[in-house]
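Residue numbers (this note's numbering): 21 to 227.
What follows is the structure, encoded as structure tokens:
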């Protein structure tokens, strides 16, 4: 009976110590932010993977086609003798949107990749500092609850801004390339027709 009671007390003490240990492992300063920081770091990693999946060669080819067509359009529209219909104007407007959507996108993608790596490093570093219960940062500042609240808010805000820019850039690339592909044949036909019209007017003027 006494031995059984002793075993029960030992088991109870072990359980209590286990609960205390578990509580100690997750209730340090800043622990409330660990989940959000980990989730944000994972989403940054996914965003970086999506950026890596973009075909910059296809994007560059699309930009080159747009630049070439606008070069042709500029000199054709500069000739006051050529007329353009409302439908022509709408098509040219579509291509102006394509040009705007794709403007500077390779550089934007490269910058987003660099910013994303920094963002992920910062998120993971702060999460690890909370997990290991770091006491002082590299500047000698005490890493208490207030410190972690401020830093977590700052890093999560930076992550949200990066994700928004990343989503917008990918959306504009998709819209620009889809619009360019869906109207390319019409644009080529328009340029060909206006070139023929211009050549005919030159021939008539020389006659």
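Think of the CB as a built atom: it goes at the ideal place given N, C-alpha and C, for glycine as much as any other residue.
These figures come from a predicted structure and were not determined experimentally.
Nearest candidate by alpha-carbon position, reference residue i, set the options
i, options, result
"residue 192", "129, 138, 60 and 148", "129"
"residue 134", "161, 71, 146 and 221", "71"
"residue 136", "200, 120, 175 and 75", "175"
"residue 115", "83, 63, 101 and 143", "83"
"residue 117", "173, 201 and 127", "201"
"residue 80", "47, 124 and 60", "124"
"residue 131", "97, 224, 182 and 148", "182"
"residue 203", "75, 113, 221 and 185", "113"
"residue 222", "206, 205, 99 and 207", "99"
Residue i burial status per 10 Å Cβ neighbour count (16 or more: buried)
i, result
"residue 270", "No information on residue 270 is available, as it lies outside the stretch 21 to 227 that the chain covers here."
"residue 198", "exposed"
"residue 171", "buried"
"residue 141", "exposed"
"residue 163", "buried"
"residue 194", "exposed"
"residue 64", "buried"
"residue 159", "exposed"
"residue 180", "exposed"
"residue 155", "exposed"
"residue 147", "buried"
Spatial neighbours of residue i in its chain, beta-carbon cut-off 7 Å, leaving aside the 5 residues before and after
i, result
"residue 110", "none"
"residue 151", "54"
"residue 149", "163"
"residue 144", "61"
"residue 168", "49, 50, 53 and 150"
"residue 214", "96 and 102"
"residue 207", "89, 111 and 115"
Test: residue i CB closer than 8 Å to a CB of chain C
i, result
"residue 84", "Annotation note: the requested chain C is absent from the structure, which comprises a single protein chain."
Cβ neighbours of residue i in the same chain (closer than 8 Å, five flanking residues each side left out)
i, result
"residue 217", "102"
"residue 78", "197"
"residue 178", "139 and 142"
"residue 57", "143, 144, 146, 147, 150, 172, 175 and 176"
Cross-strand partners of residue i (DSSP beta bridge)
i, result
"residue 156", "162"
Sequence-distant residues of its chain with Cβ nearer than 6 Å to residue i (five each side left out)
i, result
"residue 92", "211"
"residue 73", "none"
"residue 121", "192, 195 and 196"
"residue 153", "48"
- Would you call the stretch 94 to 106 and the stretch 56 to 75 in contact, with 3 or more CB pairs under 8 Å? no
- Query: Per the contact definition of three or more C-beta pairs closer than 8 Å, is the stretch 178 to 190 in contact with the stretch 80 to 94?
  - Reply: no
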